[in-house]
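Below: the structure, in structure tokens.
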Amino acid sequence: MYTPLPVHGVALLLFNSFDYLIFLPLVAAAYWLTPAKLRIPLLVAASYYFYMHSFRIYGLLLGGLTLANYLIGLGLAKPALQNKPSQKRLLLIAGIAFNLGMLALFKYTNLLLDTLNSALSAMGAALHSEFFKSTGVQDLPIILPLGISFFVFEFIHYITDVHKGSKPVRNPLRFALFASFFPSQIAGPIKRYQDFDKQLEDPAKLKVTESQLTEGLWLIARGLFKKVALGDNLAPIVQAGFANPQLMSSTDAWIAALAFAFQIYYDFSGYTDIGRGSAMLFGFSLPENFNMPYIARSLKDFWHRWHISLSTWLRDYLYIPMGGSKKGEASTLGNLFMTMVLGGLWHGASWTFLIWGAFHGLGLAINRIWEAFLAKHPVLKQAGESLAGQTLAYIVTMLTVLVGWVLFYAQSLPQALAVLQAMFSPQAGSETCQVSHLLTQSTLIPAAVLYALTIPSLKIYNSLAAISNLANQSPQQLTSLSRGSHAFALTVVLIMTLELAPRMASPFIYFQF
Numbered sequence: 001m002y003t004p005l006p007v008h009g010v011a012l013l014l015f016n017s018f019d020y021l022i023f024l025p026l027v028a029a030a031y032w033l034t035p036a037k038l039r040i041p042l043l044v045a046a047s048y049y050f051y052m053h054s055f056r057i058y059g060l061l062l063g064g065l066t067l068a069n070y071l072i073g074l075g076l077a078k079p080a081l082q083n084k085p086s087q088k089r090l091l092l093i094a095g096i097a098f099n100l101g102m103l104a105l106f107k108y109t110n111l112l113l114d115t116l117n118s119a120l121s122a123m124g125a126a127l128h129s130e131f132f133k134s135t136g137v138q139d140l141p142i143i144l145p146l147g148i149s150f151f152v153f154e155f156i157h158y159i160t161d162v163h164k165g166s167k168p169v170r171n172p173l174r175f176a177l178f179a180s181f182f183p184s185q186i187a188g189p190i191k192r193y194q195d196f197d198k199q200l201e202d203p204a205k206l207k208v209t210e211s212q213l214t215e216g217l218w219l220i221a222r223g224l225f226k227k228v229a230l231g232d233n234l235a236p237i238v239q240a241g242f243a244n245p246q247l248m249s250s251t252d253a254w255i256a257a258l259a260f261a262f263q264i265y266y267d268f269s270g271y272t273d274i275g276r277g278s279a280m281l282f283g284f285s286l287p288e289n290f291n292m293p294y295i296a297r298s299l300k301d302f303w304h305r306w307h308i309s310l311s312t313w314l315r316d317y318l319y320i321p322m323g324g325s326k327k328g329e330a331s332t333l334g335n336l337f338m339t340m341v342l343g344g345l346w347h348g349a350s351w352t353f354l355i356w357g358a359f360h361g362l363g364l365a366i367n368r369i370w371e372a373f374l375a376k377h378p379v380l381k382q383a384g385e386s387l388a389g390q391t392l393a394y395i396v397t398m399l400t401v402l403v404g405w406v407l408f409y410a411q412s413l414p415q416a417l418a419v420l421q422a423m424f425s426p427q428a429g430s431e432t433c434q435v436s437h438l439l440t441q442s443t444l445i446p447a448a449v450l451y452a453l454t455i456p457s458l459k460i461y462n463s464l465a466a467i468s469n470l471a472n473q474s475p476q477q478l479t480s481l482s483r484g485s486h487a488f489a490l491t492v493v494l495i496m497t498l499e500l501a502p503r504m505a506s507p508f509i510y511f512q513f
């Protein structure tokens, strides 16, 4: 097998580590104590330290890609090219090919070698042995650079938009910060350079209000709780189920699949919360990446709520350039399908990711066909809008998403099929793997109960208290009340996180992408 060297063998500066909780306030304090003109260089240096803390040599990779795309952007904006569309387009194509080539080198070489390995093995052991002996690629060590999928997509967005006429970033440090900004560097959200660079036009104007500081700290605390108290406690349940799918009962299989659905949500949205909260401490705003995806009542709605920065990128830079919905229904369905297949491949060099993408692409195509059918049948459309119809739509959507998560998590197609067989076969397994037992013995249930009760109740308390006192409290008193309730919320959430955390902190799931 030709697998990337594991990132857990490297010293990561994780958001959920005490090292990060020291790093973040130190950098924030230095940032605000530094003269405005030096703040961007300081943040670039801190971001490169953050990135190179995991594997130093890949700081050179990030720097090289940043420099190359900075120069490509300037080249695309040259006045001499504005009247030469073919040359300008050729430069864009070269830039996209360069970025995708670097991504493919580090991310997909192993998949290609694995496929070649299997093909040569099928053709004959002697041929297989001779090929790898002569080329020396069998022991090729490839370490996947953290965050490469995210910042390559940001670079492609940048040069594509400059080609379309957007102004390039001419300040090299501002462009370097766009690519390296540590709160979004490893696992997004995928930024749009126009929104980010606009915040850098005058560093002296970047300020943190009391409400931003409160919201930033709240997002960090909430993200830590999601990741550490909820996501990490779900991990052993998922691992136990998928490690022994042939032993699971149908109940255990459903628990394992549901556990992963919530693990990846709490893990990834927790990362985004911490990143967005960290950015707020420097006066920056990052885009939201999640909007309650598990209340979606269609697969289309799910992708409007899940990993929003990726789904909008795929729409703007894959689906629409392929033709979108402008070339007839058959072409539209094909574009939807191919966009999601490529989106699956973006997640990783694995056939299961390709199948997961194809599964969602097929689901979105069916979703579109169904919507068109309902538009022509008002009676059915009205029935679908009833409570029963909406409930059925929700169940179908969540079942589709859940089957997709099984494909996403599985290490191989046979493993995925074994889990799905256990889920939909009432006589499956014998509960030997004890997934249900792990669920009841973990701290997950008390963590979930506390999360469900404490966080909403604190927000309700804050709102009701402010409303009830509005008539006879001064603005200063209302501010004090808000401060007190938020301080109480932060304290409770952090204590809960420490108490309910598993013994070993784990990397975020999306670090591998």
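In full-length UniProt numbering, the protein residues as written are 1 to 513.
Think of the CB as a built atom: it goes at the ideal place given N, C-alpha and C, for glycine as much as any other residue.
Item                                                                                                                                                                                 : Value
When you compare each of Pro245, Phe225 and Tyr409 to Ser350 by their alpha carbons, which one comes out closest?                                                                    : Tyr409
Please classify Asp267 as buried or exposed, where buried requires at least 16 neighbouring CB atoms within 10 angstroms.                                                            : buried
For Thr352 and Leu407, which I take to be in contact (beta-carbon distance under 8 Å), what is that distance rounded to the nearest angstrom?                                        : 6 Å
Mind listing, in chain order, the continuous alpha helix (DSSP H) runs of no fewer than 4 residues lying wholly within the segment 307-352?                                          : 308-314 and 329-347
Using the beta-carbon count (16 or more within 10 Å), is Val27 buried or exposed?                                                                                                    : buried
Could you give the distance in angstroms between the alpha-carbon of Gln82 and the alpha-carbon of Asp161?                                                                           : 14 Å
Quick check: what's the CA-CA separation for Tyr271 versus Ala80?                                                                                                                    : 44 Å
Please report the Cβ distance between Leu314 and Gly343, rounded to the nearest whole angstrom; I am assuming they are in contact, meaning their Cβ atoms lie under 8 Å.             : 5 Å
Does Pro35 pass the burial test, meaning 16 or more other C-beta atoms within 10 Å, or should it be called exposed?                                                                  : exposed
Using the Cβ count rule (16 or more neighbours within 10 Å means buried), how would you classify Ile220?                                                                             : buried
Can at least three beta-carbon pairs, one atom from the segment 208-215 and one from the segment 228-244, be found at a separation below 8 Å?                                        : no
Among residues of its own chain, excluding the 5 on either side of Trp223, which ones have a beta-carbon nearer than 6 Å to its beta-carbon?                                         : The sequence shown places Gly at residue 223, not Trp. For Gly223, where only same-chain residues beyond five positions count, the Cβ hits under 6 Å are Gly270, Asp273 and Ile274.
Under a three-way DSSP split, which group does Lys191 fall into?                                                                                                                     : coil
Ordered along the chain, which non-local residues of its own chain (more than five positions away) have a Cβ less than 8 Å from that of Tyr20?                                       : Leu13 and Leu14
For the alpha helix (DSSP H) that Asn69 lies in, which residues bound it at each end?                                                                                                : Tyr58 to Leu76
Kindly list the residues whose CB is nearer than 6 Å to the CB of Arg276, restricted to its own chain and excluding five residues on each side of it in sequence; keep chain order.  : Leu219 and Leu286
Spell out a yes or no on whether the segment 285-302 and the segment 178-196 are touching, meaning 3 or more CB-CB pairs, one atom from each, closer than 8 Å.                       : yes
Which of helix, strand or coil does DSSP assign to Thr3?                                                                                                                             : With a pLDDT of 32 at Thr3, under the threshold of 50, the modelled position of that residue is not reliable, and no figure is offered here.
Who are the Cβ neighbours of Pro203 in its own chain at under 8 Å, not counting the five residues just before and after it?                                                          : Ala36, Lys37, Arg39 and Ile40
So Phe155 and Leu65 are supposed to be a Cβ contact under 8 Å. How far apart are they, rounded?                                                                                      : 6 Å
Could you name the residues of the same chain whose beta carbon sits closer than 7 Å to that of Gln415, not counting the 5 residues immediately before and after it, in chain order? : Phe242 and Pro245
Taking the straight line between their C-alpha atoms, what separation do you get for Gln87 and His377?                                                                               : 50 Å
My output table needs one value for Lys84: the three-state DSSP class, helix, strand or coil.                                                                                        : coil
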